[in-house]
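Novice: Just so you know, we're using this note's numbering here: the sequence shown kicks off at 129 and counts up by one. All C-beta atoms, glycine included, are put in the ideal place defined by N, C-alpha and C. Got a structure for you, written out below as structure tokens; questions coming shortly.
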Amino acid sequence: MNPLAQAIQNAITDALQDHPILVWYDDGGTLADVVRQAVPDGVGLVPFEESYLAVRARIERQDPAFQRRWLIYVPEQAPEPSWLHDYELFGCRVDLTLERLLVERLKLRSNAEMRKLLAGPRGRALAANWDTAMAGLQPPIRQEQVIEGLLAVAFGLGPGFSLGRAVLEYATDPDLYGRQLARMGLEQTFAQDTRPGRTAGRGRAFLRTGSALWGARSPRVRRAPT
């Protein structure tokens with residue numbers, strides 16, 4: 129089990145030590161693809177699928193006395209008022225996205241940029257590809273590791289990812305990789321991370337390639353409409 133899945137499992141286990149139900153809200157569904165594999169033995173998973181009434185009916189039909197342990201995973205922001213308020217009161221509730229989980233469990237030092245990068249589809253893509261994009265990484269997770277992991281997903285590169293390799297890949301087919309970066313909203317991130325002024329310490333080959341990239345065919349960064 130990778131560190132992300134282990135962090136999810138630990139969060140579930142801790143919350144259910146003294147409660148029969150955990151209601152987990154994940155704004156943007158950033159953990160939707162990895163929650164199932166992290167559910168501890170003996171815990172029933174009830175994913176929210178458009179109907180809170182269906183969630184309640186399933187649990188109350190299968191376990192009317194609430195003798196089991198249940199995880200209700202909601203890949204959305206919590207509604208106000210909550211349809212599961214009574215479950216949250218006699219059980220417990222957490223509001224944890226990928227970004228918040230990394231902060232609380234894997235010691236990421238976050239900021240506004242990290243919150244933006246790890247929100248919604250980008251965060252979900254990183255979580256789903258953690259085994260390859262973040263292979264071998266242990267806490268504390270650093271911001272630059274998150275950025276490189278997201279770029280690894282965008283470029284379809286595995287554990288051997290490096291910015292130097294990404295620059296070379298981009299130079300071979302800027303249209304293809306430009307589209308992939310645009311699809312994930314990472315054009316600006318890639319452009320900033322590969323500017324010649326930010327490549328100190330990455331080696332002469334990287335500097336030469338990065339400088340050539342920026343001199344001839346720099347990443348296409350879309351400007352906001354005026």
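Where DSSP assigns a beta bridge to leucine 173, which residues make up the other side?
Specialist: Answer by DSSP bridge pairing, in chain order: Leu199.
Novice: What's the C-alpha gap between arginine 330 and leucine 285?
Specialist: Residue placement at arginine 330 is poorly supported in this model, since its pLDDT is 46, which falls under 50; the coordinates still yield a value, given next. Between arginine 330 and leucine 285, the C-alpha separation is close to 19 Å.
Novice: Leaving out five residues before and five after proline 175 in sequence, what residues of the same chain have Cβ atoms less than 7 Å from its Cβ?
Specialist: Same-chain partners within the cutoff: Tyr201.
Novice: Could you spell out the range, first to last residue, of the alpha helix (DSSP H) harbouring leucine 309?
Specialist: Where leucine 309 is concerned, the enclosing alpha helix (DSSP H) stretches over 302-311.
Novice: By how many angstroms is the C-alpha of phenylalanine 283 removed from the C-alpha of glutamine 308?
Specialist: If you take the alpha carbons of glutamine 308 and phenylalanine 283, they lie about 7 Å apart.
Novice: Can you give me the start and stop residues for the beta strand (DSSP E) that valine 151 sits inside?
Specialist: Note, valine 151: beta strand (DSSP E), 149-153.
Novice: Start and end of the alpha helix (DSSP H) containing valine 222?
Specialist: Unbroken run through valine 222 is the beta strand (DSSP E), 220-223; no alpha helix (DSSP H).
Novice: If we require 3 or more residues per run, which beta strand (DSSP E) segments fall completely within the segment 241-312?
Specialist: Listed in chain order, there is nothing to give.
Novice: Suppose you measure from the CA of leucine 234 to the CA of methionine 242; what does that come to, to the nearest Å?
Specialist: Rounded to whole angstroms, leucine 234 to methionine 242 spans 14 Å at the Cα level.
Novice: Helix, strand or coil, according to DSSP, for phenylalanine 318 in the structure here?
Specialist: Reduced to three states, the DSSP call for phenylalanine 318 is helix.
Novice: Please look up how many angstroms separate the CB atoms of alanine 160 and valine 222, rounded, as I've assumed it's under 8 Å.
Specialist: The pair is not a contact, with the Cβ atoms about 15 Å apart (cut-off 8 Å).
Novice: What is the rounded straight-line gap between the Cα of tryptophan 198 and the Cα of proline 148?
Specialist: Roughly 6 Å between the two C-alpha positions.
Novice: Got a sec: does the ligand MN put a non-hydrogen atom nearer than 6 Å to the Cβ of phenylalanine 289?
Specialist: You won't find the ligand MN in this model; it holds no ligand whatsoever.
Novice: Mind reading off the beta-carbon distance from proline 203 to glycine 277? Whole number of angstroms is fine, and I expect it under 8 Å.
Specialist: Their Cβ separation, rounded to whole angstroms, is 21 Å, which puts proline 203 and glycine 277 out of contact at 8 Å.
Novice: Exposed or buried, isoleucine 140, counting other C-beta atoms within 10 Å across all chains shown (16 or more means buried)?
Specialist: Classification for isoleucine 140: buried.
Novice: Rounded to the nearest angstrom, what separates tyrosine 180 and glycine 248 at their Cα positions?
Specialist: Near 21 Å, if we compare the C-alpha coordinates of glycine 248 and tyrosine 180.
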